[in-house]
Amino acid sequence: MRLLLVGPPGAGKGTQAAVLSEELGIPHISTGALFREHIDGGTPLGRQVKEYLDVGRLVPDEVTNEMVRERLAEPDAAEGFLLDGFPRNTAQAEVLAGMLREQDAELDAVVELDVPEDEVVERLLTRGRDDDTEDVIRHRQQIYRSETAPLLDFYSDRLVTVHAVGSVEEISERALDSVRAVR
Ligand code: AMP
Numbered sequence: 000m001r002l003l004l005v006g007p008p009g010a011g012k013g014t015q016a017a018v019l020s021e022e023l024g025i026p027h028i029s030t031g032a033l034f035r036e037h038i039d040g041g042t043p044l045g046r047q048v049k050e051y052l053d054v055g056r057l058v059p060d061e062v063t064n065e066m067v068r069e070r071l072a073e074p075d076a077a078e079g080f081l082l083d084g085f086p087r088n089t090a091q092a093e094v095l096a097g098m099l100r101e102q103d104a105e106l107d108a109v110v111e112l113d114v115p116e117d118e119v120v121e122r123l124l125t126r127g128r129d130d131d132t133e134d135v136i137r138h139r140q141q142i143y144r145s146e147t148a149p150l151l152d153f154y155s156d157r158l159v160t161v162h163a164v165g166s167v168e169e170i171s172e173r174a175l176d177s178v179r180a181v182r
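Every letter in the sequence shown is one number past the one before it in numbering that gives the first Met the number 0, and letter 43, counting from 1, is 42.
Structure representation (structure tokens):
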């Protein structure tokens, strides 16, 4: 299966992606995690993107798209994947569509984790990642609303909305049920 996971920062994408990828036997590809690995490893790409992650701005599309293109070309992603954090805007979505067309593949579903904004801000403030200061959190929510939320319309023909308030297990169960229903 080829899936995307979409939702505001703090919706639990990382947590749910780990469960879904395990249950469905597909690799979890998180652009945020890939960027953080580069930063921690001190690679040239890491040095290039650090300032964006530090302030919660989107890394330029060319850089992000190229990293995703390389990751999707790896053998483990040939039959399916769960993309988490990409695409973040419609320009990236167009590029992804092109990459998939080249492989004669398409997305099976786009899973939206739906959580009220007050709840996500609260969750992020208790998560304590380096980029989880209140200003950065607000900025990332604003970017989600203006840049990423339009993807919900872009993918309306394959959108699966999951109510993402409750325990991790309850939410995973809802997400798995909805994804299995489209297969
Ligand atoms: P995340 O782990 O998904 O919250 O992403 C952390 C940070 O990585 C974001 O605030 C952005 O700076 C950067 N990032 C992750 N995915 C993307 C993307 N698709 N496009 C641009 N920047 C991204």
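Built from N, CA and C at the ideal position, the CB exists for glycine as well. Because the structure is a prediction, the values reported are computed rather than measured.
Have a look at residue 110 and residue 154 and give me their C-alpha separation to the nearest angstrom. 10 Å
Residue closest to residue 35, alpha-carbon to alpha-carbon, out of 95, 91, 52, 14: 52
Which residue marks the beginning of the beta strand (DSSP E) containing residue 82, and which one marks its end? 80-83
Whole angstroms are fine: how far does the CA of residue 79 sit from the CA of residue 73? 11 Å
Assigned secondary structure, residue 113 (DSSP; H/G/I helix, E/B strand, else coil): strand
Would you say residue 52 touches ligand 1, meaning its beta carbon is less than 6 Å from a heavy atom? yes
When you compare the stretch 83-96 with the stretch 54-69, are there three or more beta-carbon pairs, one atom per stretch, that lie closer than 8 Å? yes
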